[in-house]
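Inspection log for the structure reproduced underneath, given as structure tokens.
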Amino acid sequence: MALYTMAEILADAQKRGYGAGFFNGVNQEMIRAYIRAANDCRSPIIIGTAEGLLKYSDFDWLAPLLLDAAARAKVPVAVHLDHTYTYKTIMRALRAGFGSVMYDGSLLSYEENIRDSAEIAKAAHAMGAGLECELGKVGGLDEGEGVKGGNIYTDPGEAFEFVERSGADFLAVSIGTVHGEYRETPRLDLARLAAIRAKVKCPLVLHGGSGLSDDDFRNCIQGGIRKVNIYTDIITAAAGAIRKDTSLAYTDLNEKAEQAMYEAAVKKLRIFGSDNKY
Ligand SMILES: [Zn+2]
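Numbering-wise, this note's numbering comes out as the position in the sequence shown, counting from 1, plus 44.
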């Protein structure tokens, strides 16, 4: 099947009211687990990597693996570059053929975020690709020294203006989720999501989804979230499978990890309602 773009997949999700899963991968086992899950569930998905994950897998090794796996899937699969802070990495992904990229300017001021996002939107659009931006801040990523963690919730009025002025195609919103593992039960601000949805027409993205309850996901998708990023739940499943029997050979540990990631992904695709959509 031809390579799909995130715009195509999210347009369908928007039309039919489901959430599409986005899964980051750094090696063959992760990517194969996602593709198998998508094929078996008849579910469109988005796969990719992030600038911060390139320390685990060089871009030149990983990009062909992602693109080839997506193009050979039996269902629509798009390749996307997640959280990226530099123009250089964005351009690398666009030149490699990724259909979309995320520029994360959420650590900048509102005006700086608009300025940089608009610049990158021009480059992405010129190459036929889509741009995801983040407004507000979903905390929990490695934010570097001197930067305080924690959330800054997305303001609905700002969200409308941000999308207009930046040219972003997809907007990641901060409504109470956190990247990585939760230290306490997350409290989602669904009223805020509804207010954002009422003002912003482009597909909305939820980051920091690992650790939410099944109902939290359903409520967010019902409230207008069209792309759900899942990472921590996947790598936690893999690590758990490996720790179960550390006496196994390395190659067999890989297989156990892949199976655990496959099962975790299948579970999520069913919760998101993207199964049996193709
Ligand atoms: Zn994120």
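Quick reminder that beta carbons are idealized off the backbone N, C-alpha and C, glycines included.
In this structure, A309 keeps its C-beta atom at 8 Å or more from the C-beta atom of Y100. In the DSSP assignment, the residues bridged to C177 are Y147, L215. Looking at the DSSP output, F67 bridges to I91, I274. Nearest neighbour of K312 by Cα position, chosen from H169, G65, D56, E52, turns out to be G65.
Contact between the region 220-234 and the region 250-261 is present: 3 or more CB-CB pairs across the two stretches fall below 8 Å. Q72 and L109 do touch by the CB rule: their CB atoms are close to 6 Å apart, below 8 Å.
Beta-bridge partners assigned by DSSP to H124: G92, S144. A straight-line Cα-Cα distance of about 9 Å links L138 and H124. Relative to the Cα of Y275, the nearest Cα in the group N320, V70, E176, L297 belongs to V70. Residue state for V207 is assigned as helix, using DSSP reduced to three classes. Residues whose Cβ lies closer than 7 Å to any heavy atom of ligand 1, listed in chain order: D126, H127, V182, L185, A216, H223, H251, G252, N273. With fewer than 16 neighbouring CB atoms inside 10 Å of its own CB, S153 falls in the exposed class.
Per the coordinates, the alpha-carbon of I286 lies some 19 Å from the alpha-carbon of E225. In the structure shown, L250 falls within a strand segment according to DSSP collapsed to helix, strand and coil. Exclusion of the five residues before and after A238 leaves G267 as the residues of its chain whose Cβ lies within less than 7 Å of its Cβ. Going by DSSP, M50 is part of the alpha helix (DSSP H) stretching over 50-60.
Following the DSSP letters along the chain, one finds N195 in no alpha helix (DSSP H), marked with neither H nor E.
For F204 against K243, the beta-carbon gap comes to about 4 Å, under 8 Å, which counts as contact.
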